[in-house]
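Per the working numbering, the very first residue in the sequence shown carries number 340; after that it's consecutive.
For glycine and all other residues, C-beta sits at the position ideal for the given N, C-alpha and C.
The structure appears below as structure tokens.
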Amino acid sequence: MMFITKNGRKTKKLAALALALALLFAQTQSAFAQKTQDKKPLFKIEESALPEDAQWQAELSFPDRWGEVEDTLAPNSLYAFDFFEGQGSIFVQVGKNVAALSLFVNQERVDTSALAGGRSYKIDISKIARNGKNILQAADIRAKTAASRSATSSSSASAKVKVYVPYPVLLEEGGGQSAIDSDALDLVSQIIQSDIEHGFPCAQLAIAKNGRLLYKNSWGWLNSYDMDGNPLPQDERVKITDDTMFDIASCTKALAANMAIEFLVSQKKLSLDTKIADVLGDDFYKKTINIKYKNGSGASLGQNKKWKAALTVRDVACHTAGFPAGPAYYNKNFNSTTQGREKENQIPKNKLYAGSGADQETRDKTFEAICKTPLLYEPGKRVLYSDADYMILGFVVEQITGEKLDDFCKKTFWEPLELKRTAFNPLQNGFAKNDCAATELRGNTRGGTLLDFAGRSDTIQGEVHDETAYYSMAGVSGHAGLFTTASDALKLLSTLFYGGYGQNKFFNKDVLDTFFSPQDMGRANWAVGWYHQGDDRRSWNFSQSAGHNGWTGTLVMLDPEEKLALAYFTSKRNTPYREENSLEFEGSYFTAAAPGFVPALLYEGMGNGADKKNARLLLLADMVRDKFRLVAAEKIDGKPVTDASHPIVRAAYSILEVFVRRAKAAGSGQAARLIKEAAALLDPTRDAAEIEKIKEMMK
């Protein structure tokens, strides 16, 4: 190669440099081609039309995605989106006038050589997706030359590349189990199974982390006792499955009413600062009556009406509105003044009685009764958990959408998420009793001890247990009534990490942040619709996270930082009732009934310490000691429990046996010492049979 110039020497140098560059380019291309040939492609690309009616985490247009020159420059070519390891695809639409483009995901090049202008493609990124932020880069987008442009494709819009990013989903296939130590999960299962063997009714658990279903299991029976509290024969029991639906009680507040409100706020159809009266009408405060609450503020009727007129969605959702905890609108014998139940045959004292017909007419009258309900205290002065708050929010949703709460939730959440086992009033929606776990042996009578209200007296199964939800609200309310499975609940919870699921958008990110943040730093344990761990005030329940409980024995929990979701459902109330001492259901004595033990062990199982099994054994030994401390504290007529069949004693035996099996398997000197110390907690007389059982276990 020669260049003819006045400077011949310089010409030769330039020729040599050009040759060297050409050779280098050829070698690089050859090496790249060989590397590409040897390496399996990271991205699977297929031509695909854009899904119809899809809603996206991001809709991006390159080049100049900002539409102007940004002074930081980089945002015009880069975008960070949220995803999880091992999943997902993005969609790319190539403009008609695009001749070439470069596309990178997490710094890995997508082979765009076959991407033709005027077509759209689906690109599988699962091999390089990672948990958290993923980086998309679109660069070097080249338009066709002016000479080759057609009259219909000469606009700048036809030289654009559009990228559509869906939301992550919950993968149900295996993978990612190492996120939580399997031995910790085994311990959770062993504790629940042991409690089942000692009289606990049933439980269901599902756990997800980083977009993967890590664990699901179920234990026990749909119903374990007859109406008199006698254990059913084994051949008459029906085992629950992962598809068994549970009455999740107050978890309905979080997974139905609160999510519906969150959706409407994201859609700008509602604000947290919207006044309730502006939605439900002036009767909400004008119809208020005067009730001189025994422990109320003493405010005048006029002042009470002013307070109610100013109430906002935020006040109600955060339980700071001032409503009493649970006005029994269905019960004539409820005392409005004392906010307590009265005995049978007393003069009716419920000024807010609306009927108990469990039908739409009663539901309408209940709305009128809510409008009549005066506030117990001045709004914003305290937090008082109130069912009335979420009954109101359910009516707010219905007024704005023009649909019943259940219909709205079905259309908005359940159908897009393909939830097959989620419903209000399951028996009216295609499910049978045996699709659902039972919730109480003698209706709403606490084992026949509450006779102030003539309601259901048979075992409740497939109908909402909560009296107000059933009798006053015909089974559909913002505060209770939802039936679901732990697996379905995980999908609902998963939408709250990033605001959507697959090609469905539900919530804006700023709205998610607002709802999950404490609204008052003086009350850090309560956000909008969620309990918070809050300065260690609820670690007994949610460990280091946040969630919601249900009276029937249910828990849903969400940890946005760890991307951990948990649904733990039990039917702890479906057991005999102990009237003689604590007025409590027998199931409530067991470890499995205290849902906080599950997240506590899960967080402990996230560690990678070399001595984690030993630490776990010592933790279990402490749990045994604490359970026997509870046995010692339990009194009947002021005297210690001497009956080995008492549920607190059976619960202690249960956790002790789990510990002994694990300690024996450990086989260390320390384990032997711990077993000896645990055995010393047993009473020689009361626990004689258990002592013999432990001896047999140690052989």
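For Phe430, no alpha helix (DSSP H) run applies; the uninterrupted beta strand (DSSP E) run containing it begins and ends at Ser428 to Val433, by DSSP. Pairwise C-beta distances place the region 806 to 813 out of contact with the region 734 to 741, as fewer than three of them are shorter than 8 Å. Fewer than three pairs of CB atoms, one per stretch, sit closer than 8 Å, so the region 989 to 1004 makes no contact with the region 934 to 946.
For Trp558, the closest C-alpha among the options Phe420, Asp581, Arg968 and Asn549 is that of Asp581.
Look at the region 819 to 876 and you find these whole runs of alpha helix (DSSP H), each 4 residues long or longer: 825 to 837 and 848 to 855. Within the same chain, Glu601 and Val867 come within 6 Å of Phe854 by CB-CB distance, once the 5 residues on both sides are set aside. As the crow flies, the alpha-carbon of Asp612 is around 50 Å from that of Ile975. The region 786 to 800 and the region 713 to 732 do not touch, with fewer than three beta-carbon pairs separated by less than 8 Å.
Residue environment for Gln573: exposed (fewer than 16 other C-beta atoms within 10 angstroms of its C-beta). In the three-state DSSP reduction, Trp890 falls in the coil class, being neither helix nor strand.
In this structure, Asn670 lies near Phe792, with their beta-carbon atoms less than 8 Å apart.
A residue is called buried once 16 or more other Cβ atoms fall within 10 Å of its Cβ, and Lys548 is buried on that count. Of the candidates Glu1035, Asn415, Glu385 and Ala649, Asn415 places its Cα closest to the Cα of Arg404. Rounded to whole angstroms, the gap between the alpha carbons of Tyr692 and Ala468 is 57 Å.
With at least 16 other beta carbons inside 10 angstroms of its own, Gln842 counts as buried.
Taking C-beta separations shorter than 7 Å and ignoring five residues to either side along the sequence, the partners of Ser589 in its chain run His818, Ala819, His887, Asn888, Gly889 and Trp890, following chain order.
Contact between Ile994 and Met1037 is absent: CB atoms are separated by about 17 Å, not below the 8 Å threshold. Note on the region 910 to 951: whole alpha helix (DSSP H) runs with a minimum of 4 residues are 936 to 943, in chain order. DSSP places Pro765 in the helix class (H, G or I) of the three-state scheme. Rounded to the nearest angstrom, the Cβ distance from Thr893 to Phe908 is 5 Å, consistent with a contact under 8 Å. Residue burial annotation: Lys966 is buried, with at least 16 other C-beta atoms found within 10 angstroms of its C-beta. Here the region 820 to 834 lies against the region 756 to 769, with 3 or more beta-carbon pairs under 8 Å apart. For Ile384, the enclosing beta strand (DSSP E) begins and ends at Lys383 to Glu386. The alpha helix (DSSP H) runs of length 4 or more contained entirely in the region 1000 to 1028 are, from start to end of the chain, 1008 to 1018. Under the three-state reduction of DSSP, Ser605 is assigned to helix. Distance check between Arg1025 and each of Ala971, Ala438 and Arg458 places Ala971 closest, using alpha-carbon atoms only. Note that the region 527 to 541 does not touch the region 498 to 514; fewer than 3 beta-carbon pairs, one per stretch, sit closer than 8 Å.
If you check the CB distance, Leu832 and Leu922 do not come in under 8 Å.
C-alpha of Val500 to C-alpha of Asp774: approximately 49 Å in a straight line.
Assignment of beta-bridge partners to Leu897 by DSSP yields Ala885 and Ala904. Per the coordinates, the alpha-carbon of Asp520 lies some 14 Å from the alpha-carbon of Asn953. Around the C-beta of Met598, 16 or more other C-beta atoms lie within 10 Å, and the residue is accordingly described as buried.
A contact between stretches requires three or more CB pairs, one per stretch, nearer than 8 Å, and the region 459 to 466 meets this requirement with the region 428 to 438.
Pro979 has Lys974 as its beta-bridge partners, per DSSP.
If you draw a straight line from the Cα of Ala904 to the Cα of Lys555, it comes to about 12 Å.
Per the C-alpha coordinates, the member of Asp859, Ile579, Arg551 and Leu553 positioned closest to Gln543 is Ile579.
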